[in-house]
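Residue numbers (my numbering), protein chains in the order written: chain A, 1 to 295; chain B, 296 to 590. One structure is given here, and the rest of the page talks about it.
2 protein chains.
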Amino acid sequence: MNPADHQNESIGCLAICGVGLIGGSIARAARSRGVVSEVIGIGKNQARLQKAVEQGVIDRGSTEPESAAAQADLIIICTPVDLIASQVAQMLPHMRDSATITDAGSVKGEIVRELQAEGIDASQYVPGHPLAGSDKTGFEFADPDLFEKATIVLTPTAETADIHTRRVRTFWQALGGNVLTMQPEEHDSVLAMTSHLPHLVAAALAAAVQEDHLRLASSGFRDSTRIAAGDPELWTSIFRQNAAATLAAAREFQEKLTHLITAIEQDNADELKALLAEGKCRRDAWREQRLRLES
Amino acid sequence: MNPADHQNESIGCLAICGVGLIGGSIARAARSRGVVSEVIGIGKNQARLQKAVEQGVIDRGSTEPESAAAQADLIIICTPVDLIASQVAQMLPHMRDSATITDAGSVKGEIVRELQAEGIDASQYVPGHPLAGSDKTGFEFADPDLFEKATIVLTPTAETADIHTRRVRTFWQALGGNVLTMQPEEHDSVLAMTSHLPHLVAAALAAAVQEDHLRLASSGFRDSTRIAAGDPELWTSIFRQNAAATLAAAREFQEKLTHLITAIEQDNADELKALLAEGKCRRDAWREQRLRLES
Chain A
1 MNPADHQNES IGCLAICGVG LIGGSIARAA RSRGVVSEVI GIGKNQARLQ
51 KAVEQGVIDR GSTEPESAAA QADLIIICTP VDLIASQVAQ MLPHMRDSAT
101 ITDAGSVKGE IVRELQAEGI DASQYVPGHP LAGSDKTGFE FADPDLFEKA
151 TIVLTPTAET ADIHTRRVRT FWQALGGNVL TMQPEEHDSV LAMTSHLPHL
201 VAAALAAAVQ EDHLRLASSG FRDSTRIAAG DPELWTSIFR QNAAATLAAA
251 REFQEKLTHL ITAIEQDNAD ELKALLAEGK CRRDAWREQR LRLES
Chain B
296 MNPADHQNES IGCLAICGVG LIGGSIARAA RSRGVVSEVI GIGKNQARLQ
346 KAVEQGVIDR GSTEPESAAA QADLIIICTP VDLIASQVAQ MLPHMRDSAT
396 ITDAGSVKGE IVRELQAEGI DASQYVPGHP LAGSDKTGFE FADPDLFEKA
446 TIVLTPTAET ADIHTRRVRT FWQALGGNVL TMQPEEHDSV LAMTSHLPHL
496 VAAALAAAVQ EDHLRLASSG FRDSTRIAAG DPELWTSIFR QNAAATLAAA
546 REFQEKLTHL ITAIEQDNAD ELKALLAEGK CRRDAWREQR LRLES
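Encoded structure:
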């Protein structure tokens, strides 16, 4: 089969390990677009899986990852980042030779290094990260349009076979995503700045406010701290897996903040205005870029 | 006339000095709710005022503040914070004895101190701050419902006559606001934490990202940096007028952030999770409080 045939081939059975907000959204998106013939949800909690079936999120649930892996054409691991490498390692020996496995973890380098350190043949694994999410948790909030116009990063390694990268790219494109590929380390260093650091800062901002002052917090506080409502356990894993890059991003942020603070201390209006204009310029550039992507 | 009569009395002529996003929204809100019989917009640019008339934001424009002040029952100063004290001082001598003047500035203490230092009789002035806004500027974005369920802070001083405070309170309530009163210094110290610091942090976050990394910035970046798109000149004035409280808030934030950074450096999962949970807890408390206020 040549690559072109593979791209046009529809994915038969999709197995999603971890049917939460992201896993549930992928399931709903793939089912509603007719991209797959069946979605198996893999989890530990039979009752939760049953509820996901009843709510039309997945076709059926399985608490046996290895047997589900053997039936799937595409597996997506949507569990917290510190579990992904071991779950990929658990699935691989049971997968068909033609099957593909990918994930939705927010950190990529550590997963790749862990699999390499274990000496696992990971040619069927395509490290991935859909840049979409919510501060909510649970498949009850699953959104079939979550990946429309979203950026999806794939970080194939030298080991990853091209045919699997192409399949995962085609899958995400069918869900409406814009797919980019880059090195795992590049992904982690950029995401530290654009996602992990903002979360750390939002948590510090929210925690710094006294509870009885919250009544004087309005839309600025609402937006600047929204992501602080995310799951502390999930985010602890993300920070631990991407510690070095997050710390480097935090240093750059602190340097910018110190400049702003110094300008206020010195009552240096020109400097303060120039620094605020730099932030505005970058934020405006982001917005223009998004409008272009979404048009 | 006793206070109850005054509360039921409708405001005749409203003059708004500075017909931008906030001034324009007040004008639209007051007109659409029938709270006033006429809205005069005071500004420097005749063409802009004419456009505001054409768009139905105000009834008429005036480039002569003193003559407009003489006709108004209520004046609201909606200009940048560093201009407010001098504009209040300019209006007062021309106002009728029964007329009231208030403002919409984000900082209160400095305005009050400036008027006191000038020895101005400010019994008709009610310092105010509607906690509502946008990162957009201009009356084109004016929203007649901007103050629905919004918190409005009034900071009357010992000098302010009660009758004027009551009139401004009644006005904001008619626009849908929840009115609180407190000391100017308390307002400034709380707002430094809930509004001014988040703006400073958002600017630093946005400025820290390299332009070519913006394509990997998603909804977390969007929300945590939204307010960085605000007008640098406006915010320079706010930070300068509320420098001491903003610097104190920044120190508390930096302490929280340093704790988080140290927990990552030390790979202390329990500590990291506890600190993130503290941020989440405060953010969730804010959301519950808003839902109660809005229900």
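Beta carbons: idealized from backbone N, C-alpha and C, even for Gly.
Among the candidates the options, whose CA atom is the shortest distance from the CA of residue i?
| i | options | result |
| --- | --- | --- |
| A/Ala-208 | B/Met-488, B/Pro-479, B/Trp-530 and B/Asp-507 | B/Met-488 |
| B/Asp-354 | B/Gln-385, B/Thr-465, B/Ala-469 and B/Cys-308 | B/Cys-308 |
| A/Ile-238 | A/Ile-264, A/Leu-293, A/Ser-67 and A/His-199 | A/His-199 |
| B/Ser-513 | A/Thr-155, A/Val-19 and A/Ala-132 | A/Ala-132 |
| A/Leu-275 | B/Thr-465, B/Ile-396, B/Asp-507 and B/Leu-500 | B/Leu-500 |
| A/Ala-245 | A/His-213, A/Asp-267 and A/Glu-185 | A/Glu-185 |
| A/His-213 | B/Met-477, B/Thr-395, B/Ala-412 and B/Asp-457 | B/Met-477 |
| A/Lys-44 | A/Gly-18, A/Glu-54 and A/Ala-30 | A/Gly-18 |
| A/Asp-223 | A/Ser-86, A/Arg-96, A/Asp-135 and A/Gln-116 | A/Asp-135 |
| A/Ala-30 | A/Val-53, A/Val-57 and A/Leu-154 | A/Val-57 |
| B/Ile-371 | B/Ala-364, B/Asp-398, B/Ser-357 and B/Glu-506 | B/Asp-398 |
| A/Ile-261 | B/Arg-546, B/Val-421 and B/Glu-528 | B/Arg-546 |
| B/Lys-575 | A/Lys-280, A/Leu-234, A/Leu-83 and A/Ala-277 | A/Leu-234 |
Taking 7 Å as the CB-CB limit, is residue i close to chain B?
| i | result |
| --- | --- |
| A/Arg-226 | yes |
| A/Leu-14 | no |
| A/Val-201 | yes |
| A/Arg-48 | no |
| A/Leu-21 | no |
| A/Glu-64 | no |
| A/Glu-278 | yes |
| A/Ile-111 | no |
| A/Thr-165 | no |
What does the alpha-carbon distance come out to for the pair residue i and residue j?
| i | j | result |
| --- | --- | --- |
| B/Leu-567 | B/Ala-523 | 27 Å |
| B/Gln-302 | B/Gly-404 | In this predicted model, B/Gln-302 has a pLDDT of only 44, less than 50, meaning its place in the structure is not dependable; the value taken from the coordinates is given anyway. The straight-line gap from Cα to Cα measures roughly 27 Å. |
| A/Met-1 | A/Ser-98 | A caution first: A/Met-1 carries a pLDDT of 37, below 50, which makes its placement in the model too unreliable to give a value. |
| B/Ile-337 | B/Ala-310 | 7 Å |
| A/Leu-91 | A/Arg-166 | A quick correction: the sequence has Met, not Leu, at residue 91 of chain A. Cα to Cα, the separation comes out at about 20 Å. |
| B/Pro-375 | B/Gly-400 | 7 Å |
| A/Ala-72 | A/Pro-93 | 13 Å |
| A/Thr-236 | B/Ala-564 | 6 Å |
| B/Gln-345 | A/Gln-266 | 41 Å |
| A/Gly-372 | A/His-164 | Summary: the structure shown does not reach residue 372 of chain A, with chain A confined to residues 1 through 295, and so no result is reported for it. |
| B/Thr-450 | B/Leu-588 | 21 Å |
| B/Gln-549 | A/Phe-221 | 17 Å |
| A/Gln-124 | A/Ala-117 | 17 Å |
| A/Ser-86 | A/Val-53 | 26 Å |
| A/Ala-248 | A/Ala-68 | 40 Å |
If you follow the alpha helix (DSSP H) that residue i is in, where does it begin and where does it stop?
| i | result |
| --- | --- |
| A/Ala-15 | Counting along the chain, A/Ala-15 falls outside any alpha helix (DSSP H), though it belongs to the beta strand (DSSP E) covering 11-17. |
| B/Thr-553 | 538-560 |
| B/Asp-377 | 376-386 |
| B/Arg-398 | Here residue 398 of chain B is Asp; the residue named in the question, Arg, does not match the sequence. Premise fails: B/Asp-398 lies in the beta strand (DSSP E), 395-398, not in any alpha helix (DSSP H). |
| A/Ser-295 | Segment: none, A/Ser-295 is in no alpha helix (DSSP H) and carries neither H nor E. |
| B/His-494 | 492-503 |
| B/His-459 | 457-469 |
Within the continuous beta strand (DSSP E) that includes residue i, where are the two ends?
| i | result |
| --- | --- |
| A/Gly-61 | 60-62 |
| A/Thr-137 | Where A/Thr-137 is concerned, there is no enclosing beta strand (DSSP E), given that its DSSP letter is neither H nor E. |
| B/Gly-525 | Counting along the chain, B/Gly-525 falls outside any beta strand (DSSP E), and DSSP gives it neither H nor E. |
| B/Glu-333 | 331-337 |
| B/Leu-369 | 369-372 |
| B/His-389 | From DSSP, B/His-389 is part of no beta strand (DSSP E); its letter is neither H nor E. |
| B/Leu-441 | Premise fails: B/Leu-441 is in no beta strand (DSSP E) and is neither H nor E. |
| B/Gly-423 | 423-425 |
| B/Val-474 | 473-476 |
Taking only beta-carbon positions, decide if residue i is within less than 7 Å of chain A.
| i | result |
| --- | --- |
| B/Met-390 | no |
| B/His-508 | yes |
| B/Ser-513 | yes |
| B/Asp-438 | no |
| B/Ile-447 | no |
| B/Trp-581 | yes |
| B/Ile-321 | no |
| B/Ala-299 | Residue confidence is low: B/Ala-299 scores 40 on pLDDT, short of 50, so the model does not pin down where it sits. Its coordinate-derived value is still stated next. Cβ-Cβ to chain A under 7 Å: no for B/Ala-299. |
| B/Lys-551 | yes |
| B/Glu-480 | no |
| B/Arg-578 | yes |
| B/Thr-531 | yes |
| B/Glu-589 | no |
| B/Leu-500 | yes |
In chain E, which residues lie less than 8 Å from residue i when you measure between Cβ atoms?
| i | result |
| --- | --- |
| B/Ile-556 | Among the chains of the structure shown, chain E does not appear; the protein chains present are A and B. |
| With a cut-off of 8 Å, do at least 3 Cβ pairs link the segment 572-580 of chain B to the segment 524-537 of chain B? | no
| query | Any contact of the segment 143-154 of chain A with the segment 170-178 of chain A, i.e. 3+ C-beta pairs under 8 Å? | reply | Verdict: yes, contact present.
| Do the segment 424-438 of chain B and the segment 311-321 of chain B touch if we need at least three Cβ pairs shorter than 8 Å? | yes
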